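Chemist: Sharing a structure here in C-alpha coordinates format.
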Amino acid sequence: MNNGEDQAETIETRGDEHHVVLSADTNGDGKPDVWMTDTTGDGKADLYQFDTTGDGQVDVTMVERAEEPGEDRVVVDGDGGHPIEP
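Spelled out as C-alpha coordinates, the structure:
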(Lines of atoms letter the chains of each structure in order from A and count residues from 1; the text may use other names and numbers.)
(Lines give C-alpha, C1' and ligand atoms only; values in the text may rest on other atoms or scores of the structure.)
Protein backbone atom coordinates (compact mmCIF):
# COMPACT_ATOMS: atom_id res chain seq x y z
CA MET A 1 0.00 0.00 0.00
CA ASN A 2 1.36 3.38 -0.94
CA ASN A 3 0.58 6.00 1.68
CA GLY A 4 1.82 8.87 -0.50
CA GLU A 5 5.02 9.28 1.50
CA ASP A 6 7.53 7.76 -0.95
CA GLN A 7 11.09 8.55 0.01
CA ALA A 8 13.83 9.28 -2.51
CA GLU A 9 17.46 10.20 -2.09
CA THR A 10 19.62 11.84 -4.74
CA ILE A 11 23.39 11.93 -4.69
CA GLU A 12 25.67 14.04 -6.89
CA THR A 13 28.04 11.94 -9.00
CA ARG A 14 31.71 12.64 -9.67
CA GLY A 15 34.55 10.67 -11.24
CA ASP A 16 34.36 7.09 -12.42
CA GLU A 17 33.17 5.44 -9.20
CA HIS A 18 29.79 3.74 -8.87
CA HIS A 19 27.29 6.20 -7.40
CA VAL A 20 23.67 5.65 -6.48
CA VAL A 21 21.87 8.46 -8.29
CA LEU A 22 18.47 7.65 -6.79
CA SER A 23 17.07 5.16 -4.32
CA ALA A 24 13.40 4.96 -3.45
CA ASP A 25 10.99 3.14 -1.15
CA THR A 26 8.13 2.31 -3.50
CA ASN A 27 6.13 -0.03 -1.26
CA GLY A 28 6.16 2.02 1.97
CA ASP A 29 8.03 -0.46 4.18
CA GLY A 30 10.73 2.09 5.08
CA LYS A 31 13.51 0.37 3.07
CA PRO A 32 14.74 1.26 -0.42
CA ASP A 33 13.68 -1.22 -3.09
CA VAL A 34 14.66 0.61 -6.29
CA TRP A 35 18.16 1.88 -7.07
CA MET A 36 19.42 3.84 -10.08
CA THR A 37 23.22 3.93 -10.30
CA ASP A 38 25.78 5.80 -12.42
CA THR A 39 28.58 3.31 -13.06
CA THR A 40 30.45 5.41 -15.64
CA GLY A 41 30.69 8.75 -13.83
CA ASP A 42 28.93 10.68 -16.60
CA GLY A 43 26.12 11.83 -14.31
CA LYS A 44 23.49 9.57 -15.93
CA ALA A 45 22.02 6.39 -14.47
CA ASP A 46 22.93 3.25 -16.39
CA LEU A 47 22.34 0.49 -13.82
CA TYR A 48 18.83 -0.12 -12.46
CA GLN A 49 18.19 -2.58 -9.60
CA PHE A 50 14.89 -3.69 -8.11
CA ASP A 51 13.87 -5.65 -5.01
CA THR A 52 10.56 -6.98 -6.29
CA THR A 53 9.85 -9.31 -3.34
CA GLY A 54 10.63 -7.03 -0.38
CA ASP A 55 13.23 -9.39 1.08
CA GLY A 56 16.09 -6.88 0.87
CA GLN A 57 17.80 -8.68 -2.04
CA VAL A 58 18.10 -7.41 -5.61
CA ASP A 59 15.85 -9.51 -7.85
CA VAL A 60 16.09 -7.71 -11.19
CA THR A 61 19.02 -5.80 -12.66
CA MET A 62 18.86 -3.77 -15.88
CA VAL A 63 21.87 -2.15 -17.55
CA GLU A 64 22.18 0.38 -20.36
CA ARG A 65 24.97 -0.46 -22.79
CA ALA A 66 24.13 1.73 -25.79
CA GLU A 67 25.34 5.15 -26.81
CA GLU A 68 21.72 6.32 -26.95
CA PRO A 69 19.55 5.68 -23.85
CA GLY A 70 17.01 2.91 -24.25
CA GLU A 71 18.50 1.37 -27.39
CA ASP A 72 20.31 -1.50 -25.69
CA ARG A 73 18.89 -2.40 -22.30
CA VAL A 74 19.95 -5.78 -20.96
CA VAL A 75 17.92 -7.41 -18.19
CA VAL A 76 19.83 -9.75 -15.89
CA ASP A 77 17.57 -11.60 -13.48
CA GLY A 78 18.61 -13.03 -10.11
CA ASP A 79 22.24 -11.94 -10.27
CA GLY A 80 22.44 -10.30 -6.84
CA GLY A 81 23.11 -6.89 -8.40
CA HIS A 82 26.20 -7.77 -10.42
CA PRO A 83 25.58 -7.65 -14.20
CA ILE A 84 27.15 -10.48 -16.16
CA GLU A 85 29.28 -9.42 -19.12
CA PRO A 86 28.28 -11.25 -22.35
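According to my numbering, the sequence shown is numbered sequentially starting from 61. C-beta: ideal position from N, C-alpha, C; glycine also. None of the values given here were measured: they were computed from a predicted structure.
For ASP89 and THR113, I'd like the C-alpha separation in whole angstroms.
Modeler: Cα-Cα distance, rounded: 12 Å.
Chemist: Which of the three DSSP states is assigned to GLN117 in this structure?
Modeler: GLN117: coil per DSSP, three-state reduction.
Chemist: Could you tell me which residues DSSP puts in a beta bridge with GLN98?
Modeler: According to the sequence shown, residue 98 is Asp rather than Gln. Answer is HIS79.
Chemist: Please report the Cβ distance between ASP106 and VAL123, rounded to the nearest whole angstrom; I am assuming they are in contact, meaning their Cβ atoms lie under 8 Å.
Modeler: That belief holds up - the Cβ atoms of ASP106 and VAL123 are roughly 6 Å apart, short of 8 Å.
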